[in-house]
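Everything on this sheet refers to the single structure shown next.
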Amino acid sequence: MPTLFEKENELFFHTYKRLPLDIVRGEGVYLFDRSGKRYLDFFGGLAVNALGYGHPAVLRAIEEQSRKYIHLSNFFVQEPQVELVERLLSATGFRRAFLCNSGTEALEGAVKLVRKWGGGTGKTRIFGMSNAFHGRTFAALSLMDKAKYRDGYEPMLPGLGTLKFNDVNSLRAGVNAETLAVVLESIQGEGGVFPVTSEFASALHELRDTFGFLIIADEIQAGIGRTGTFFGFEQTGLRPDIVLVAKAIGGGLPLGGILGNDRVAEAFTYGVHGTTFGGNPVACAAGVAVLKEIVDGGLMKNAATIGKELHEVGRRLHQEFPLLVRETRGYGCMIGIDLKVESQPVADALQQRGILVNSTNTTVLRLLPPLTITVEHCRTLEAELRNILKERT
72 MPTLFEKENE
82 LFFHTYKRLP
92 LDIVRGEGVY
102 LFDRSGKRYL
112 DFFGGLAVNA
122 LGYGHPAVLR
132 AIEEQSRKYI
142 HLSNFFVQEP
152 QVELVERLLS
162 ATGFRRAFLC
172 NSGTEALEGA
182 VKLVRKWGGG
192 TGKTRIFGMS
202 NAFHGRTFAA
212 LSLMDKAKYR
222 DGYEPMLPGL
232 GTLKFNDVNS
242 LRAGVNAETL
252 AVVLESIQGE
262 GGVFPVTSEF
272 ASALHELRDT
282 FGFLIIADEI
292 QAGIGRTGTF
302 FGFEQTGLRP
312 DIVLVAKAIG
322 GGLPLGGILG
332 NDRVAEAFTY
342 GVHGTTFGGN
352 PVACAAGVAV
362 LKEIVDGGLM
372 KNAATIGKEL
382 HEVGRRLHQE
392 FPLLVRETRG
402 YGCMIGIDLK
412 VESQPVADAL
422 QQRGILVNST
432 NTTVLRLLPP
442 LTITVEHCRT
452 LEAELRNILK
462 ERT
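Heads up: take any position in the sequence shown, counting from 1, add 71, and you land on the numbering used here.
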């Protein structure tokens, strides 16, 4: 009889290189495979599982809303949507929102929003950044430059391109009066956990004042308290006009959104944009529970504490293994430990020892744990990582 992995290989398009784990359940900050082995989760569903697994407030919200209704058309006002957006806007100071199903949908919607906003102005160019990741749809791909995502899908969308991330000279040479918007992650996640520099943010603000374009911050990975502040851009000094959210906001269910300030508040009008499933009421109810725990429950403070501890972990490992560990970057529960060797074998060794981390950008161990993680968990990671690095000296 074929195994689960053999069935998956036969039934699905080969788009995901799956981990060799048969996970059957999660609890708190741990995952368990079919044999009962426990894994400490610093992978976090790639920043989705901000409250870990089986959080009672999220489970309760999902159950209660499911008993009322699971779906209504967006022709109807829905209380879970309104409560979620009210909390989002109250926490962030933005003016209006649109709810969708995912981060890449939020990006696509934002491109439509800025084009509506800029209609008739002569502004047509939208720039993303080198080394960025915004999703897999065409607007997203057109705002990214990595060949592994773009190859075979050309031609890209006209009017969209990239500038060099954190390079002020590239920024000044690229933007002008025809620039409609600049899109960037406040902290590049897939790209290796690289924050926007204060110099780049300042130059971007200055050029916005000069040319009148919009700044779009992709907070899909860094947002919703992960960095120790509600949004990652609060750590970097960036001041966007539009913000994209997803991942953690749905409590594990598909949910994304676009937040806009007063500049774009009237750009969308009735019927110009929409979605059948966007803002699903069960996902929104889960999102309300997530926001209550993160904003009111002290988890942003915990994320900040964890970030400091993980930087200390990286510093100690760099001191002990200067030929293997380059540096540690990021904030809160979004940390990259950059190695001087390939990171995937190290991630594989950690997995064998019962700790899950993500390898990205060839040399970076990306840590995206639940915001409920503790300092003790960080020290468990440190001890196992130290043992692995010792074996490589």
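Even glycine gets a Cβ: it sits at the ideal position worked out from N, Cα and C. This structure is a prediction, so every number in the text was calculated from the model and none was measured.
Taking C-beta to C-beta, are residue i and residue j nearer than 9 Å?
i	j	result
threonine 443	histidine 85	no
valine 153	leucine 251	no
glycine 303	methionine 371	no
valine 253	leucine 275	yes
glutamate 256	aspartate 280	no
leucine 122	isoleucine 377	no
valine 428	valine 129	no
glycine 116	lysine 363	no
phenylalanine 83	valine 95	no
serine 269	threonine 208	no
leucine 388	arginine 457	yes
valine 239	phenylalanine 282	no
glycine 294	valine 314	yes
Buried or exposed: which applies to residue i, given that a residue is buried once 16 or more other Cβ atoms fall within 10 Å of its Cβ?
i	result
threonine 192	exposed
proline 42	Since the first and last residues shown for the chain are 72 and 464, residue 42 lies out of range.
glutamine 390	exposed
tyrosine 402	buried
serine 161	exposed
methionine 72	exposed
proline 441	buried
histidine 142	exposed
glycine 223	exposed
proline 151	buried
aspartate 312	buried
asparagine 120	buried
tyrosine 341	exposed
glutamine 149	buried
valine 100	buried
proline 226	exposed
arginine 437	buried
Among the options, which has the Cα closest to the Cα of residue i?
i	options	result
phenylalanine 284	Ser414, Thr195, Arg221	Thr195
glycine 349	Phe146, Leu255, Glu447	Phe146
lysine 88	Asn80, Gly262, Val119	Asn80
glycine 32	Ala248, Ala274, Arg457, Asn237	What is shown of the chain runs 72 to 464, which leaves residue 32 out entirely.
leucine 155	Leu92, Leu456, Val316	Val316
leucine 330	Ile94, Leu117, Phe165, Gly97	Phe165
leucine 439	Phe301, Tyr101, Ala118	Ala118
alanine 374	Phe301, Val314, Glu453	Phe301
leucine 309	Leu111, Ile291, Ile286	Ile286
glutamine 259	Asn202, Lys108, Pro311, Gly296	Asn202
proline 229	Ala210, Lys108, Gly245	Ala210
leucine 90	Leu452, Gln415, Arg207, Leu460	Gln415
glycine 321	Ile291, Glu337, Phe271	Ile291
alanine 132	Trp188, Leu324, Gln306	Leu324
threonine 464	Val435, Gly368, Val396, Arg450	Val396
leucine 452	Gly189, Gly425, Ser430	Gly425
alanine 272	Pro393, Leu92, Met200, Leu394	Met200
alanine 338	Ala248, Val239, Gly189	Gly189
valine 335	Ala181, Leu388, Glu270, Glu447	Ala181
isoleucine 197	Ala418, Phe204, Thr233	Thr233
glutamate 455	Asp333, Asn332, Thr433, Val417	Val417
threonine 433	Val264, Tyr124, Ser144, Ser241	Val264
serine 430	Thr445, Glu413, Val446, Gln423	Glu413
leucine 92	Cys449, Lys108, Glu98	Lys108
Any contact of the segment 342-362 with the segment 126-138, i.e. 3+ C-beta pairs under 8 Å? yes
Just to confirm the assignment: which complete alpha helix (DSSP H) runs, minimum length 4, are found wholly within the segment 116-161? 127-139
Enumerated in chain order, which unbroken segments of the alpha helix (DSSP H) with a length of 4 residues or greater are wholly contained in the segment 358-393? 370-391
Counting pairs of beta carbons, one from the segment 210-218 and one from the segment 153-171, are three or more of them closer than 8 Å? no
Report yes or no: do three or more beta-carbon pairs, one from the segment 403-417 and one from the segment 379-386, lie closer than 8 Å? yes
Sufficient close CB pairs (3 or more, under 8 Å) joining the segment 174-185 to the segment 337-349: Yes: at least three Cβ pairs fall under 8 Å.
Starting from the N-terminal side, write out each stretch of the alpha helix (DSSP H) that is 4 residues or longer and does not extend beyond the segment 247-284. 269-282
My parser needs the beta strand (DSSP E) runs of 3 or more residues fully inside the segment 218-246; what are they? 231-234
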